[in-house]
Amino acid sequence: ANVLASYYKRAIFGQKRVKMPAVSKGDGMRGLAVFISDIRNCKSKEAEIKRINKELANIRSKFKGDKALDGYSKKKYVCKLLFIFLLGHDIDFGHMEAVNLLSSNKYTEKQIGYLFISVLVNSNSELIRLINNAIKNDLSSRNPTFMCLALHCIANVGSREMAEAFAGEIPRILVAGDTMDSVKQSAALCLLRLYKASPDLVLMGEWTSRVVHLLNDQHMGVVTAAISLITCLSSKNPDEFKTCVSLAVSRLSRVCVRIVSSASTDLQDYTYYFVPAPWLSCKLLRLLQCYPPPEDGAVKGRLVECLETILNKAQEPPKSKKVQHSNAKNAILFEAISLIIHYDSEPNLLVRACNQLGQFLQHRETNLRYLALESMCTLASSEFSHEAVKTHIETVINALKTERDVSVRQRAADLLYAMCDRSNAKQIVAEMLSYLETADYSIREEMVLKVAILAEKYAVDYSWYVDTILNLIRIAGDYVSEEVWYRVIQIVINRDDVQGYAAKTVFEALQAPACHENMVKVGGYILGEFGNLIAGDPRSSPLVQFNLLHSKFHLCSVPTRALLLSAYIKFINLFPETKATIQEVLRSDSQIRNSDVELQQRAVEYLKLSSIASTDVLATVLEEMPPFPERESSILAKLKKKKGPGAVSVELEDAVRPNSMFTLSLSLSIFLFVFQSTPSPSADLLGLRSAAPVSGAAPSAGSLLVDVFSEAGPAASSAGVNDDGFLRFVCKNNGVLFENQLLQIGIKSEYRQNLGRMYLFYGNKTSVQFVSFSTTVSCPGELQSHILQLLFTKTVEPLVEGGAQVQQVINIECLTDFIDAPLLNIKFRYGGALQNISLKLPVTINKFFQPTEMAAADFFQRWKQLSQPQQEAQKIFKASHGMDTEVLKAKLLGLGTALLENVDPNPENYVCAGVIQTKAQQVGCLLRLEPNAQAQMYRLTLRSSKDTVSQRVCDLLAEQF
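Numbering-wise (the UniProt record's numbering), the sequence shown opens with residue 1 and increments by one.
Here it is in structure tokens:
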């Protein structure tokens, strides 16, 4: 504790601390000590109040009667008032005497005056003007002790009146060359407090560059305080402070790298348990998270070196067994990992960060396990580190089962949800269902939603999906919301191949003695629609089905009974032999005279309908429900609402931190997208043929890309198109497409066969509304006429609140191969000024790849068949990035092809195969990548059955290495 206190003192005041005036013997305030002793010796509350009232009367008489009261006496009595206030009693006098103490030239008297004002004076007090005058006098006195006291008072009160009075003066003190270091520290933190309280009054303006250059100050305490201020200012005005990036990287390099490479002692006084300047390092790393990766190659190189050094230090054996040493070391490590995740551009660092976090998953310290799971949730959303995260699945499952702390178990469940894909979906869902039986009640609802989403998203065999949801209802029926069982009904109705299985399974589930009401709802709906599919079995004959459902009737709530009555009338249409039995039920007094109006009306109307309607009319009225239009599941919205606005989305969180919001956090962020294992001609998986444009106009043959947002036509010109982020998405589907000081645009997309769906997330980074917000799409060149069909499923609201995020969905259908990309144009007004942004949407031909596994013999046979010159495209080029094996594999897999192992005779080469699916035709592609590590060169060869495809894929892929 003494070492920590010593460190804090050095961090705040530095080596050259201001020497406070010596306290004379008479300043001990014996009267105050006696009063405090009397209070402590009181035997009852009444005795304490009596003693306090006596002292208050004495102080009041002294203040009113003795006009010549000296400073020492004032200080003593003000201290007593302050002590009485801290005991919980109201103080309604003595404020003026405290203000008078501010004019004293003695440090102790001025200190007590400022302390009283900071604690007791309200920001709306009439004395604020007098206090402000006293503070101005101290700030202009150039006495560092008095200046620090005044700055502390401003920060503690932090009222708008003080911000108006001193917001222009404090920056001048902060950057002045003759200001002492301790005063600079206090000025920086005081300015930070005023900015948080009244950001509109604290305008840096001409001081911006000089404040940024405080990062180069030689005093570490000044740098630490300045970083806190700059980080807050940068989050609101990133462009004004972007020059801080290079300075922050330089300072971080001096802390992290120089200490390793030399015996420098400039951080000796700031080394905490063998960790050099841990608070400074953490703040620098947090500041860098306000900005994208540095564009300058040298700066970026130094930053990568710093991050690698931090990761390397984490692998070194500890220099101390003290917990303070490990805490400081791990604090820097986790901030470095957060920065690596924020950049999402260095595959090597992402994989190393994942491996480091994996070591913490079995650490004996609970907090470290929690933080590791939380960080890995974010890493799981990265294209480069997703596979690395999946290697820890067994450890995470074990944590879910054995952890004692419920918060750690919840993070383990979040990580399983984030790392889930088609390869491990069944295992993860089974483990989550198993855990759900004993899960804490506080997290069951969220677990149910996650299981439902994963089961639907990765369902290839829909009988497994039905089993999973029914099992979910059996295990945790009380936590299964309407959105979950609505969704299973929708999918069963839309899937002919699973209807019979669903009817059989739900019939068996209803036979359990204890059956949850949600199971009854699902059973009533499915048997009412598809009970005929299992009626051939004597064990599930129509009458048996009806009796089974009706046996649950009296145990259910009114809404469920209403649903069962509808199922009964459906039975009359499906099974005429049950008509008499069901009519008898409908005719009973308990139905037609039911106290609930809804049940009574249904019983009467259904009875009449079954009595007077002919068979044909009955069949028409009660025909099978038509398929539902494909749309985003409401389960996702339910999960987002459950997680809350500040949650980090476990998938896109990472690209869009909301900050954490954005971050982007940023949790949000899983979308539901159901694919068939084998497409059928009648299937419309993405709703492309059922979703009508909002404008009402059908797309013509000459313009398949429809603007569904406004009446204006699509933009004809692509001038000023921003394509900086376009190539970054060739080998990945998720991330931030565009970002400036106002707007962040994130995307998440998924493709299957010739169909795709892209989610666009528009985030307002400011605190001001965007008005007249609209988006349009256009297609350059031939793309407009016959290449792609893109439809938005909904319009975007014209008003985007400050700090809010809105979402749009694009359904995509590839008609034939293409080269150009569609353009997205965003228009809105910010502060009265019109903003116009044009971007290339990352829809490239390789997105429609279906990976194809091939043996070596088949590969080379097909390679020789594609030997015509126009079928081959080849490029030889210099490596732009490091030639790391894992990164190369990740990019080739991200392209969409299958990476074929042990096919090429040279084990250093990579070969891939895939088929591009378009509506018009299928185009087979073979790829061979030959790296030359010594020369830092690549030779990329692509062969396909169509020359334009070979050249386009070759051009796109060459830019990735």
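Here a beta-carbon is modelled for each residue, glycine too, at the ideal position from N, C-alpha and C.
Since we're looking at a predicted model, the values are computed, not measured.
Looking at the backbone, the Cα of Ile819 and that of Arg474 are separated by about 51 Å. Closest in alpha carbon position to Leu32, among Leu900, Ser73, Gly65, is Ser73. For a cut-off of 8 Å, the C-beta gap from Thr885 to Leu927 is around 17 Å, too long to register as a contact.
A distance below 7 Å separates the beta carbons of Leu287 and Ile227.
Note on Ile154: 16 or more other CB atoms within 10 angstroms of its CB, so buried under the neighbour-count rule. For the set Ser37, Gly94, Arg829, Ala430, the Cα lying nearest the Cα of Val78 is the one of Gly94. Bounds of the alpha helix (DSSP H) holding Ala226 are 220-236. In the structure shown, the three-state DSSP call for Phe729 is helix. Taking the Cα of Asn327 as reference, the smallest distance to any Cα among Glu308, Thr366, Gly756 is reached at Thr366.
Inter-residue distance for Gln835 and Cys731 is about 30 Å (C-alpha atoms, whole angstroms). A Cβ-Cβ distance of about 17 Å is found for the pair Leu895 and Phe859, leaving them out of contact under the 8 Å criterion. For Ser774, DSSP records a beta bridge to Lys827. Taken through DSSP and simplified to helix, strand or coil, Arg142 comes out as coil. In this model, Asn143 and Ala134 are separated by some 14 Å (Cα to Cα).
With a cutoff of 7 Å on beta-carbon distance, Asp947 and Gln870 are scored as near each other. Beta-carbon to beta-carbon, Ser385 and Cys420 are separated by about 15 Å, too far to satisfy the 8 Å threshold. In this structure, DSSP gives Lys136 a helical state, which the three-state scheme calls helix.
By a beta-carbon distance limit of 8 Å, Phe274 contacts His325. Their separation comes to about 6 Å. Scanning Leu607, Met519, Met625 for the CA closest to the CA of Phe530 turns up Met625. Sequence-distant Cβ neighbours of Leu350 in its own chain, meaning closer than 8 Å and more than five residues away, are Ile340, Ile341, Asp344, Leu379, Ser382, Phe384, Ser385, Ala388.
Residue burial annotation: Val323 is exposed, with fewer than 16 other C-beta atoms found within 10 angstroms of its C-beta.
Per DSSP, the unbroken beta strand (DSSP E) holding Cys814 starts and ends at 805-814. Residue burial annotation: Ala476 is buried, with at least 16 other C-beta atoms found within 10 angstroms of its C-beta. Contact check for Cys377 against Glu335 fails: the beta carbons are separated by 7 Å or more. A straight-line Cα-Cα distance of about 34 Å links Leu892 and Leu368.
Spatial neighbours of Leu191 in its own chain (CB-CB distance under 7 Å, excluding positions within 5 residues in sequence) are listed in chain order as Ile170, Pro171, Leu174, Val202, Leu229.
Taking 7 Å as the cut-off, the Cβ atoms of Cys814 and Asn754 count as close. Only exposed fits Ser141, as fewer than 16 other CB atoms lie within 10 angstroms of its CB. Uninterrupted beta strand (DSSP E) stretches at least 3 residues long and entirely within the segment 832-907 occur at 833-840, 849-851, 872-878, 898-900, given in chain order. Of the candidates Ile52, Ala57, Ile112, Tyr107, the residue whose Cα lies closest to the Cα of His89 is Ile52.
Residue ranges of uninterrupted alpha helix (DSSP H) with 4 or more members, entirely inside the segment 279-338 and ordered along the chain, are 297-315. The three-state secondary structure of Val99, taken from DSSP, is helix. Scanning its chain for C-beta atoms nearer than 8 Å, with the 5 sequence neighbours on each side dropped, one finds around Glu577 the residues Pro542, Leu543, in chain order. Counting along the chain, the unbroken alpha helix (DSSP H) around Arg51 starts and ends at 45-65. Annotated as distal: Ile117 and Ile128, with beta-carbon spacing of 7 Å or more. Straight-line measurement puts the Cα of Thr468 at about 39 Å from the Cα of Leu727.
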